[in-house]
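Structure record follows, encoded as structure tokens.
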Amino acid sequence: MGILGGVTTRASVKGSELVTRTASIAAEVAAKHATDVDANSRFPHETFAALKQAKLLSAAVPAAYGGHGAGMLELGHQCAALAQGCGSSAMVLAMHHIQVACIARHGRGTPYFDAYLRDKLVGEQALIASITSENGTFGDTRSSICAVELDGDAMKLAKDATTVSYGAHADAQLVTCRRASDAANSDQVLVLFERGQYTLEQTGTWDTLGMRGTCSPGAKFAGAGAASQIIPGSFADSSAQTMVPYSHVLWASLWWGIASDAIGRAAQFVRGEARKKPGTVPPQAVRLAKAHVELQAMRHNWEACAMELDELGDSRGELEGMGWALKLNQLKMSASELAPKLVHEALQIVGIMAYKNDSKFSVGRHYRDVLSASLMVSNERIAGKSASMLLVFKDD
Ligand SMILES: Cc1cc2nc3c(=O)[nH]c(=O)nc-3n(C[C@H](O)[C@H](O)[C@H](O)COP(=O)(O)OP(=O)(O)OC[C@H]3O[C@@H](n4cnc5c(N)ncnc54)[C@H](O)[C@@H]3O)c2cc1C
Numbered sequence: 000m001g002i003l004g005g006v007t008t009r010a011s012v013k014g015s016e017l018v019t020r021t022a023s024i025a026a027e028v029a030a031k032h033a034t035d036v037d038a039n040s041r042f043p044h045e046t047f048a049a050l051k052q053a054k055l056l057s058a059a060v061p062a063a064y065g066g067h068g069a070g071m072l073e074l075g076h077q078c079a080a081l082a083q084g085c086g087s088s089a090m091v092l093a094m095h096h097i098q099v100a101c102i103a104r105h106g107r108g109t110p111y112f113d114a115y116l117r118d119k120l121v122g123e124q125a126l127i128a129s130i131t132s133e134n135g136t137f138g139d140t141r142s143s144i145c146a147v148e149l150d151g152d153a154m155k156l157a158k159d160a161t162t163v164s165y166g167a168h169a170d171a172q173l174v175t176c177r178r179a180s181d182a183a184n185s186d187q188v189l190v191l192f193e194r195g196q197y198t199l200e201q202t203g204t205w206d207t208l209g210m211r212g213t214c215s216p217g218a219k220f221a222g223a224g225a226a227s228q229i230i231p232g233s234f235a236d237s238s239a240q241t242m243v244p245y246s247h248v249l250w251a252s253l254w255w256g257i258a259s260d261a262i263g264r265a266a267q268f269v270r271g272e273a274r275k276k277p278g279t280v281p282p283q284a285v286r287l288a289k290a291h292v293e294l295q296a297m298r299h300n301w302e303a304c305a306m307e308l309d310e311l312g313d314s315r316g317e318l319e320g321m322g323w324a325l326k327l328n329q330l331k332m333s334a335s336e337l338a339p340k341l342v343h344e345a346l347q348i349v350g351i352m353a354y355k356n357d358s359k360f361s362v363g364r365h366y367r368d369v370l371s372a373s374l375m376v377s378n379e380r381i382a383g384k385s386a387s388m389l390l391v392f393k394d395d
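Residue numbering for the sequence shown follows numbering that gives the first Met the number 0, beginning at 0 and increasing consecutively.
Next up, the structure:
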């Protein structure tokens, strides 16, 4: 099932207009500007203008609101397709879909969020950024220091964030915080702020190895709005039921897309070598064949999780169990370790022509981009959580 309906299967995704249109934008727009985006650490404006124009930013909005109502498998393929042109663009798109899914699955049914889904996300193709990280809690998304302050129908919030991707380019920010000033650090809610309701004062730089186009410096956030902009329920639920599953599947899909593009470059190189000596199999072809084994395993892993999540549809309670938490942790750790390994393989297969930044076989940007995967929620932190769960979890 999609976000709230619509069956997705491998076959339906193959013919998906959403995916084919995104793949065209990846090839014709994102890939063209990827080198400049990376070199200048700048936002991929051209790609997002094209996605907005094609109304692809509302892919995850339920059809009842005018969106595409895409399920996880289709969204995963959309992110993977874009990643083959520009990893940073795909990461921005994935992060946006994650925020949209939180709103669609947990905010829907309230007048404010119903109107936001229809008018802003579909009508205006608004782009939403996420502020979970905070000075003092760092990578632990399930803990906040800042707290929303309620005053009748109004609320306000200030947060000192360590990393805010495309914050300056977004139309809204979805922020985690404590429910009240006397709430525990883990008693959190999600609050949406629209542009004009907040300020973001940049506190750091974003001169990183990779994912440079995500433009993610630290920032001091301060915002005010209506109490109705707080997503009902707790972040404990929206995190387990939506933010974590969407993050880990969509990130895995786009890391696969980056690895797939690197292996694709290696395959193109090997075919070229084969043409030079007809009737012979180039020595690198064997290494390429082995790399495809892992590329396929990686793809099947995220696709399988996506399809299982799509089948669950609205039965979200299951996602709060240890079985799902472990499965999603395992997907994230596995994909984030395999992607750099596969790009490394592409580099070994091609050799110097992949090492050169100005070669058509270059995998430098791919390499640097996927190195962020194991840090973007630290694998060590995730493994620590899985380790505790595995002490008590019995699979049946
Ligand atoms: C490309 C990119 C985009 C991002 N975009 C955003 C965004 O838009 N919004 C946002 O809020 N955040 C964003 N982040 C931040 C991200 O979500 C994490 O908060 C951040 O990467 C974690 O930083 P850290 O390494 O300091 O954290 P930590 O998780 O605190 O890790 C610090 C160190 O401690 C180690 N460590 C942590 N826990 C354990 C443990 N249990 N056992 C052993 N070692 C441990 C880690 O291995 C690491 O070496 C982004 C990050 C990246 C890379």
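Even for Gly, the Cβ is constructed at its ideal location relative to N, Cα and C.
Buried versus exposed, by CB contacts within 10 Å (16 or more), residue i
i: Ile2; result: Residue confidence for Ile2 is low, a pLDDT of 48 falling below 50, so the modelled location carries little weight and cannot support an answer.
i: Pro110; result: exposed
i: Asn328; result: buried
i: Gly86; result: buried
i: Val280; result: exposed
i: Glu123; result: exposed
i: Ile348; result: buried
i: Ser180; result: exposed
i: Gly4; result: Residue confidence is low: Gly4 scores 45 on pLDDT, short of 50, so the model does not pin down where it sits. Its coordinate-derived value is still stated next. Label assigned to Gly4: exposed.
i: Asp357; result: exposed
i: Ile97; result: buried
i: Met71; result: buried
i: Ala103; result: buried
i: Arg211; result: buried
Distance cut-off 8 Å: residue i Cβ against heavy atoms of ligand 1
i: Met375; result: yes
i: Ser132; result: yes
i: Thr19; result: no
i: Thr202; result: no
i: Thr213; result: yes
i: Arg403; result: As displayed, the chain neither begins before 0 nor continues past 395, which places residue 403 out of reach and without an answer.
i: Asp113; result: no
i: Glu336; result: no
i: Thr161; result: yes
i: Glu379; result: yes
i: Phe47; result: no
i: Gly108; result: no
i: Ala59; result: no
i: Asp186; result: no
i: Met332; result: no
i: Gly138; result: yes
i: Ser237; result: no
i: Met71; result: no
Helix, strand or coil at residue i [DSSP, three-state]
i: Met375; result: coil
i: Arg107; result: coil
i: Gln455; result: For residue 455 there is no data in the structure shown, the boundaries of the chain being 0 and 395.
i: Asp170; result: coil
i: Lys393; result: coil
i: Ile2; result: Reliability of the predicted coordinates at Ile2 is poor, the pLDDT of 48 falling under 50, and no value is obtained from them.
i: Phe26; result: Note on residue identity: the sequence assigns Ala, not Phe, to residue 26. Reduced to three states, the DSSP call for Ala26 is helix.
i: Ile381; result: helix
i: Gln187; result: strand
Distance between residue j and residue i (C-alpha atoms, nearest Å)
i: Val376; j: Gly138; result: 6 Å
i: Ala167; j: Phe42; result: 9 Å
i: Lys326; j: Asp309; result: 15 Å
i: Val285; j: Ala261; result: 16 Å
i: Ala160; j: Glu133; result: 4 Å
i: Lys436; j: Ala265; result: Coverage of the chain is limited to positions 0 through 395, which leaves residue 436 absent and any answer about it impossible.
i: Gly151; j: Ala25; result: 46 Å
i: Ala58; j: Tyr245; result: 13 Å
i: Leu311; j: Ser23; result: 31 Å
i: Asp37; j: Arg364; result: 7 Å
i: Gly108; j: Arg117; result: 12 Å
i: Ala290; j: Leu55; result: 32 Å
i: Arg315; j: Ser233; result: 14 Å
i: Ser385; j: Phe192; result: 33 Å
i: Gly406; j: Pro277; result: Because the chain here runs from 0 to 395, residue 406 falls outside it and cannot be looked at.
i: Ala235; j: Val190; result: 14 Å
i: Gln201; j: Asp113; result: 31 Å
Beta-carbon separation (whole angstroms), residue i vs residue j, contact threshold 8 Å
i: Cys304; j: Val391; result: Going by Cβ atoms, the distance from Cys304 to Val391 rounds to 22 Å, so no, they are not a contact pair.
i: Ala80; j: Thr21; result: 5 Å
i: Val147; j: Leu156; result: 5 Å
i: His95; j: Ser15; result: Not a contact, Cβ separation roughly 18 Å.
i: Lys331; j: Trp250; result: 7 Å
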